[in-house]
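Engineer: When you line the sequence shown up against our numbering, it's residues 17 to 341, in that order.
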Amino acid sequence: MHELPVCPVCGVTRWRELGHRTYRASEASSQSDYVRKRYEVLFSDWFPGQDRVRITSLLCTCCGLITYRPRPGNEDLDAKYRRLQQLENPSRRSVTEVDRARAAEVCGHAVRIAGRPVVRDQAVLDFGGGDGRLMLPYVKAGCRCDLVDYVGEPQPGVTRRASALAELPDTTRYDWIIACHVVEHLARPLETVRELASRLSPCGVLCVEVPLEIWGRPPLLAEPVTHINFFTRSSLRCLLEMAGLEVIDCRLASSLHPTGRRLPAIRAVATRAHAHFTPQPPGTWEADRFLSANPLVQWRCRLLLPRVLLGQVGRLCGVCRGSLV
17 MHELPVCPVC
27 GVTRWRELGH
37 RTYRASEASS
47 QSDYVRKRYE
57 VLFSDWFPGQ
67 DRVRITSLLC
77 TCCGLITYRP
87 RPGNEDLDAK
97 YRRLQQLENP
107 SRRSVTEVDR
117 ARAAEVCGHA
127 VRIAGRPVVR
137 DQAVLDFGGG
147 DGRLMLPYVK
157 AGCRCDLVDY
167 VGEPQPGVTR
177 RASALAELPD
187 TTRYDWIIAC
197 HVVEHLARPL
207 ETVRELASRL
217 SPCGVLCVEV
227 PLEIWGRPPL
237 LAEPVTHINF
247 FTRSSLRCLL
257 EMAGLEVIDC
267 RLASSLHPTG
277 RRLPAIRAVA
287 TRAHAHFTPQ
297 PPGTWEADRF
307 LSANPLVQWR
317 CRLLLPRVLL
327 GQVGRLCGVC
337 RGSLV
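1. Any contact between the stretch 273–293 and the stretch 185–195? By contact I mean 3 or more CB pairs, one from each, below 8 Å.
2. What residues match up with His36 in a beta bridge as DSSP calls it?
3. How is the beta strand (DSSP E) around Pro227 delimited, first residue to last?
4. Classify Leu332 as buried or exposed, calling it buried when 16 or more other Cβ atoms lie within 10 Å of its own Cβ.
5. What's the C-alpha gap between Thr287 and Asp49?
6. Touch check for the stretch 125–138 and the stretch 210–230: three-plus C-beta pairs under 8 Å?
7. Look up Ser270 in the DSSP assignment and say whether it is helix, strand or coil.
8. Nearest-angstrom Cα distance between Asp142 and Glu302?
9. In three-state DSSP terms, what is Gly27?
10. Could you name the residues of the same chain whose beta carbon sits closer than 7 Å to that of Ala284, not counting the 5 residues immediately before and after it, in chain order?
11. Which of the three DSSP states is assigned to Pro280 in this structure?
12. What residue range is occupied by the uninterrupted alpha helix (DSSP H) comprising Ile129?
13. If we ignore side chains and look at the alpha-carbon of each, how far apart do Gln101 and Leu58 end up?
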């Protein structure tokens, strides 16, 4: 664990403290099964022998990324995934209609923004995609679909090539790379995105999606194990540009969660940069905007995501109907 972390996007150590939260081992029994397993990682692997851990939320004043201190490194994350594999024993579950809709949405967005069709025999990589169910539209189109993840049993038509990018042959190149809800988990996101960029063909396209979790408060979540990087549009764009990519589009999006809920996210589409340029870190303006407690700012952002707003209204109506019964 790093007590004085270096920003994993821009490489500086200029942090502003946003707040803190203390996690106690005694609270685990009152949490959901999902959170309880992350508490086991926290107190058995990351902070063994301790019964409470104080986590401080940090904002990089250079690029606007939010992370926390102490910050886990690669060895800590490896220990996390080993523990979770023991606790959860992941196996391939059946593909649902929500999964199919989510895969079509992610693929369709990349195709529309890039202005390039998906055609037979193109090479596609899903980085960190579990069993590769996001590849369903590419499999249907007759593409060669590869997967890099710890999961051992991929979907039909998807080939698991490795558990880490470094295990792929140096000459392997892809026309499409999808990294959907992956970058927020990484200890070294810049190094990983640079490696992904190097795997693109000359006209290849990278699609990255991350959750938007900065809403009116520091993102000190129910457990600090799942996500360690918290992005805005400007900090995600900065990450991609620092990795040598040309960002075609970076926007707020409505992400379809496997549960069927719509959640705010940031979706970016990028290609290899064909000319050298020096990225300019954006500062904290957008992070400060999302951290603002002003409800007008938050609802203005939600209005950009009509499907998220409709889902929230639908849930509110359901609650109201239930209260009248």
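Positions of the beta carbon are idealized from the N, C-alpha and C atoms, including for glycine. Small disclaimer: the values here were computed from a predicted structure and weren't measured.
Structural biologist: The answer reads as follows:
1. Contact check between the stretch 273–293 and the stretch 185–195: fewer than three CB pairs, one atom from each, fall below 8 Å, which does not count as touching.
2. What you label residue 36 is simply residue 20 of the sequence shown in a count that begins at 1. Per DSSP, the beta-bridge partners of His36 are Thr72.
3. Along the sequence shown, one-based indexing puts residue 227 at 211. Looking at the DSSP string, the run of the beta strand (DSSP E) that includes Pro227 is 216–227.
4. As a first step, residue 332 is located in the sequence shown; it is residue number 316 there, counting from the start. Note that Leu332 scores a pLDDT of 46, beneath 50, so its modelled location is shaky; the value from the coordinates is reported in the next line. The residue is exposed, with fewer than 16 neighbouring Cβ atoms inside 10 Å.
5. Mapped onto the sequence shown, residue 287 falls at position 271. Mapped onto the sequence shown, residue 49 falls at position 33. Whole-angstrom Cα-Cα distance: 40 Å.
6. Of all C-beta pairs linking the stretch 125–138 to the stretch 210–230, three or more are shorter than 8 Å, placing the two stretches in contact.
7. Here residue 270 refers to the residue found at position 254 when the sequence shown is read from its first residue. When DSSP states are grouped into helix, strand and coil, Ser270 belongs to the strand group.
8. As a working note, residue 142 is residue 126 in the sequence shown. As a working note, residue 302 is residue 286 in the sequence shown. The C-alpha of Asp142 lies about 29 Å from the C-alpha of Glu302.
9. As a first step, residue 27 is located in the sequence shown; it is residue number 11 there, counting from the start. Coil, per DSSP.
10. As a position in the sequence shown, residue 284 is number 268, starting the count at 1. Only Val224, Leu252, Arg253, Leu256, Val263, Asp265, Cys266 meet the Cβ criterion.
11. On the sequence shown, residue 280 is found 264 positions in, with the first residue counted as 1. Note: Pro280 maps to strand in three-state DSSP.
12. Within the sequence shown, residue 129 is the residue found at index 113, counting from 1. Counting along the chain, the unbroken alpha helix (DSSP H) around Ile129 starts and ends at 113–130.
13. As a position in the sequence shown, residue 101 is number 85, starting the count at 1. As a position in the sequence shown, residue 58 is number 42, starting the count at 1. Distance between the alpha carbons of Gln101 and Leu58 is about 15 Å.
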